[in-house]
Amino acid sequence: MTAKSTPGPCSLCLQPKPLRESHVIPAFVGRWLKKDIGDGVFIRASDHQTVKQDTTKLPLLCADCENLRSPAEKWFREHVFVPFFGEKRCNVKRCE
Numbered sequence: 003m004t005a006k007s008t009p010g011p012c013s014l015c016l017q018p019k020p021l022r023e024s025h026v027i028p029a030f031v032g033r034w035l036k037k038d039i040g041d042g043v044f045i046r047a048s049d050h051q052t053v054k055q056d057t058t059k060l061p062l063l064c065a066d067c068e069n070l071r072s073p074a075e076k077w078f079r080e081h082v083f084v085p086f087f088g089e090k091r092c093n094v095k096r097c098e
């Protein structure tokens with residue numbers, strides 16, 4: 003997580019605290035998606051030109067709530083996502 007913070011209410015606790023950039027799509031899902039992309043980058047759908055290495059991050063959660071969410075996300079990855087998808091591929095295709 004970067005050191006950047008944005009003032010505003012947290013999307014979870016609604017308190018006026020500095021917000022950290024949170025992945026909209028969990029990072030582990032982004033890594034899984036990139037397995038099938040030959041060059042390992044994402045291209046923005048709106049302009050088909052902007053190249054990104056990571057999934058979108060937005061200032062959503064304060065540090066306290068981000069720390070609460072992380073163990074739940076880890077549990078989900080280990081007990082739901084990996085057992086369900088395992089080594090399955092996502093078959094991502096690019097629009098040409």
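Under the numbering used here, residue 98 is the last one in the sequence shown; the count climbs by one each step, no gaps. Ideal Cβ positions, reconstructed from N, Cα and C, are used throughout, including at glycine.
One alpha carbon belongs to L62, the other to A74, and they sit about 16 Å apart. Contact annotation, T8 with I27: C-beta distance approximately 19 Å; criterion of less than 8 Å not satisfied.
Inclusion of E23 and K59 in the CB contact set at 9 Å is warranted, their separation being smaller than that value. In the three-state reduction of the DSSP assignment, K19 falls in the coil class. The alpha carbon of F83 has as its nearest neighbour, out of E68, Q17, R33, the alpha carbon of R33. By DSSP's assignment, T8 forms a beta bridge with L21.
If you look at P61, you'll find it in the beta strand (DSSP E) that goes 59-64. For G32, the uninterrupted alpha helix (DSSP H) segment begins and ends at 29-36.
Taking the CA atoms as reference points, L16 sits about 36 Å from K37. Around the beta carbon of L70, a 10 Å sphere encloses fewer than 16 other beta carbons of the protein chains shown; the residue is thus reported as exposed.
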